[in-house]
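The numbering of the sequence shown is our numbering, which starts it at 163 and goes up by one. Beta carbons are placed, not taken as given, at the ideal position from N, Cα and C, and that holds for glycine. Keep in mind the model is a prediction, meaning the values are calculated, not measured. Structure first, then comments.
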Amino acid sequence: MKHTRIAILGSGTGSNALALMNHFDGHATIQTTLLISNKETCGALPAANSKNIVTAVLTNAAIEDNQSLLKLLKQHAIDIVVLAGFLRKIPDAVVQAFPDRIINIHPSILPDFGGKGMYGARVHQAVIEAHKKSSGITIHVVNEHYDEGHYIAQFFVPVTASDDASSLERKIRTLEQRYFPTVVEGYINSLTD
Ligand code: GAR
């Protein structure tokens, strides 16, 4: 069976990146090869180092220059890129070099509460302010437009009258931990070449 090399991109606390790395630890055919961040403080960097996963920190300028990120992915013969709380837009050249091979997780039921500037706690605050009765996560393929690639899976949670942005975030993080790694694995296994 074909071996798949993943690059994970993260920016924040790194809980999704960590869940992915743990899930694929010792996996027979899927390997986390590279962890890339635009922040020295990304919470997943120490864990990646301790697992002997190659890490790289790129400046935002380097990520946006259409070359540096692509070069790094090619250097490490990456097959699949997973955005795990990565908050910068992926350059078009990278999207075009990895058609249907870049996966993102978004902490709402897209197309609601997606698009430029909608990430992390801002999404949960917007859901609460809109008095929504449910929210959830969307795992989708990345195209050239923010949060618009085709959906791989969506999972819902109820939003109750007593929820605020923090309690909703906790519910969403629970969903992310439960489903993201297995959905990524299933998607990779569904690819035919
Ligand atoms: C996660 O909730 C993820 O869904 C969200 O940022 C958080 C990162 O947490 N992503 C977005 O908002 C993308 N638009 P983490 O650093 O602990 O994985």
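Sequence-distant residues of its chain with Cβ nearer than 7 Å to residue i (five each side left out)
i: N305; result: V257, G311
i: Q287; result: A327
i: F275; result: V285, A288, V289
Residue of the options minimising C-alpha distance to residue i
i: H189; options: A169, P208, T175, H165; result: H165
i: L272; options: Y313, A259, K251; result: Y313
i: V345; options: L180, N214, L330, F317; result: F317
i: D254; options: H238, L231, E347; result: L231
i: D241; options: F260, N228, T300, I301; result: F260
Neighbourhood of residue i by C-beta, 6 Å cutoff - its chain only, sequence neighbours within 5 removed
i: P320; result: S296
i: I264; result: V243, V304
i: Y341; result: F317
Assumed close pair residue i, residue j - CB separation to whole angstroms, cut-off 8 Å
i: I170; j: L197; result: 5 Å
i: A246; j: I267; result: 6 Å
i: G277; j: L337; result: That belief does not hold up - the Cβ atoms of G277 and L337 are roughly 21 Å apart, past 8 Å.
Whole-angstrom distance between residue j and residue i, CA atom to CA atom
i: I192; j: G279; result: 32 Å
i: S177; j: L353; result: 26 Å
i: D187; j: K251; result: 28 Å
i: T203; j: P269; result: 21 Å
i: T322; j: L330; result: 9 Å
Cβ neighbours of residue i in the same chain (closer than 8 Å, five flanking residues each side left out)
i: K213; result: M183, D187, T194
i: T217; result: L196, L197, I198, S199, L207, A210, N211
Task: Those runs of the beta strand (DSSP E) which lie wholly inside the stretch 176-232 and span at least 3 residues - done: 192-199, 216-219
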